[in-house]
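Asker: Sending over a structure as C-alpha cells; questions will come in a sec.
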Amino acid sequence: MSTLLHAEYPVEAEDYTRAGEASADIKRKLKQLGVSAQVLRRVAVASYEVELNLVIHSMGGTLTLEVSPERVRLISADRGPGIPNVELAMREGWSTANETARSLGFGAGMGLPNMKRNADEFAIESEVGRGTTIRMGFLLA
Amino acid sequence: MKISDIIPLIEAVNETPDADTGKEILCGYTCDLLSWVMAHGQEGMAWVTVQTHMNVIAVAVLSDMACVILPEDIRMEKESLQKAADEGMCVLRSPLSGYEICGRLHGAGIPDKD
C-alpha cells in the first residue's frame, strides 16, 4: 500500500488556543489531494474531536495523518494517563472533562462516540499509566 | 438566502468585513456546547452561540458553516476575530436574543439542520 501523504502533529495538553490547528491543516492537505467533500467533513470532525481529546484529557501526544489511495488514516497516541474503563468512555454523555474544558463548551461526552460515528474504521486501546491510542480509517474508494 | 440577506434581517453588524457575505445559508442552528455542535454541525449552517473563544471558529470552519452569529451584542475576542478573518469565516453580531434571531431566520425560510 503506497503512502501518498504522511504528517505528524504534536498536541500539547491544555493548549486550548492552538486546539484545532492540526485538524485545520489536515483538512487543507486532504482538500489539496482532492478528497471528496463528504469524506473531508467526516475526517475533519473526527480529527478535531481526537485533537480536543488530546488537549482536554491527555498529558500530550501526537496526531498522525496517513493517506493511501484506499484510505485516510488518523492515529492519535498519547503519553497518558490512560482510560480506566474504555466501555464507559465510549458511552454518549459520559465525560470526565474538567471545569476549564466545560467552561469552554466541551465535555458533553460526545467525543469518542462522534469519532466512531464519523470514521469507517475505529479502534481504541488504552492502558492506565501508559496511554491511549486511537486508530481511525476513512475509505476513499 | 445569503449572509448579506440576513444581516439586515437580524439587525447585525458584520465583525469580519473581509469575509464573503455572498455565501449561501443552508440551515440554522443554536447551541453553546461545542462538543454538541461538532456532532451536529453542517455545511452552510448559520450558528447562533454566546461562546466567543477561538475554538468556536475552529468548529465553524471544520464543519464548513456559513457564519457564526453572536446574540445580544456579545463581543468576540480580538484573537478569535483574527482567526475568523484568517480562515474566511463570517462572524455577525446582533443586538437581538438568540431566540429572536432564530425566529427571524426560520420565518425567512432558513430551515433546521437535517
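Here the protein sequences come in this chain order: A and B.
Start counting the first sequence at 21; every next residue gets the next number (the numbering used here).
Start counting the second sequence at -15; every next residue gets the next number (the numbering used here).
Backbone N, C-alpha and C define an ideal beta-carbon position, used for all residues, glycine too.
All figures in this text were calculated on a predicted structure; none of them were measured in a lab.
#1: Report the option in A:A33, A:L25 and A:E28 whose CA atom is closest to the CA atom of P18 of chain A.
#2: Comparing C-alpha positions only, which one of A:E107, A:M79, A:E41 and A:V92 sits nearest to T23 of chain A?
#3: List, in chain order, every chain B residue whose beta-carbon is nearer than 7 Å to that of M134 of chain A.
#4: Give me the Cα-Cα distance between A68 of chain B and S88 of chain A, rounded to the nearest whole angstrom.
#5: Of all the CB atoms in chain A, is at least one closer than 8 Å to the CB of V52 of chain B?
#6: Report the rounded CA-to-CA distance for M22 of chain B versus E147 of chain A, giving the unit in angstroms.
#7: Taking C-beta to C-beta, are L72 of chain A and L60 of chain A nearer than 8 Å?
#8: Report yes if the C-beta of A50 of chain B is less than 7 Å from at least one heavy atom of the ligand GTP; otherwise report no.
#9: Thinking R99 of chain A and G151 of chain A are a contact (beta carbons under 8 Å), I'd like their distance in whole angstroms, please.
#10: Of all the residues that make up the segment 38 to 49 of chain B, which are near chain A by a beta-carbon distance shorter than 9 Å?
#11: For T5 of chain B and G149 of chain A, I'd like the C-alpha separation in whole angstroms.
#12: What's the gap between the Cα of V70 of chain A and the Cα of N105 of chain A?
#13: Give a yes or no on whether 8 Å exceeds the smallest Cβ distance from S119 of chain A to chain B.
Answerer: Reading it off the structure:
#1: Outside the modelled stretch of chain A, which goes from 21 to 161, sits residue 18 of chain A, for which no answer is possible.
#2: Within the first sequence, residue 23 of chain A is the residue found at index 3, counting from 1. Comparing Cα-Cα distances from T23 of chain A to each of A:E107, A:M79, A:E41 and A:V92, the minimum goes to A:V92.
#3: On the first sequence, residue 134 of chain A is found 114 positions in, with the first residue counted as 1. Checking the sequence, you will find Asn at residue 134 of chain A rather than Met. The answer, in chain order, is M22 and A23.
#4: The sequence position of residue 68 of chain B within the second sequence is 84, counting from 1. The sequence position of residue 88 of chain A within the first sequence is 68, counting from 1. Looking at the two C-alpha atoms, the distance is approximately 31 Å.
#5: The residue labelled residue 52 of chain B in the question sits at position 68 within the second sequence. Chain A contact via Cβ: absent.
#6: In the second sequence, the residue the question calls residue 22 of chain B occupies position 38. In the first sequence, the residue the question calls residue 147 of chain A occupies position 127. Roughly 27 Å between the two C-alpha positions.
#7: Taking the first residue of the first sequence as 1, we reach residue 72 of chain A at position 52. Taking the first residue of the first sequence as 1, we reach residue 60 of chain A at position 40. L72 of chain A is not a Cβ neighbour of L60 of chain A, given a cutoff of 8 Å.
#8: By its list of ligands, the structure shown contains no ligand whatsoever, and the ligand GTP lies outside what it can speak to.
#9: Position 79 of the first sequence, counted from the first residue, corresponds to residue 99 of chain A. Position 131 of the first sequence, counted from the first residue, corresponds to residue 151 of chain A. Between R99 of chain A and G151 of chain A, the beta carbon gap of about 5 Å places them in contact (Cβ cut-off 8 Å).
#10: M38, N39, V40, I41, A42, V43, V45, L46, S47 and D48
#11: Here the question's residue 5 of chain B lines up with position 21 in the second sequence. Here the question's residue 149 of chain A lines up with position 129 in the first sequence. Spanning the two alpha carbons is a distance of roughly 50 Å.
#12: Here the question's residue 70 of chain A lines up with position 50 in the first sequence. Here the question's residue 105 of chain A lines up with position 85 in the first sequence. Roughly 18 Å between the two C-alpha positions.
#13: Taking the first residue of the first sequence as 1, we reach residue 119 of chain A at position 99. The amino acid at residue 119 of chain A is misidentified as Ser; the sequence shows Glu. No, its Cβ sits nowhere closer than 8 Å to a Cβ of chain B.
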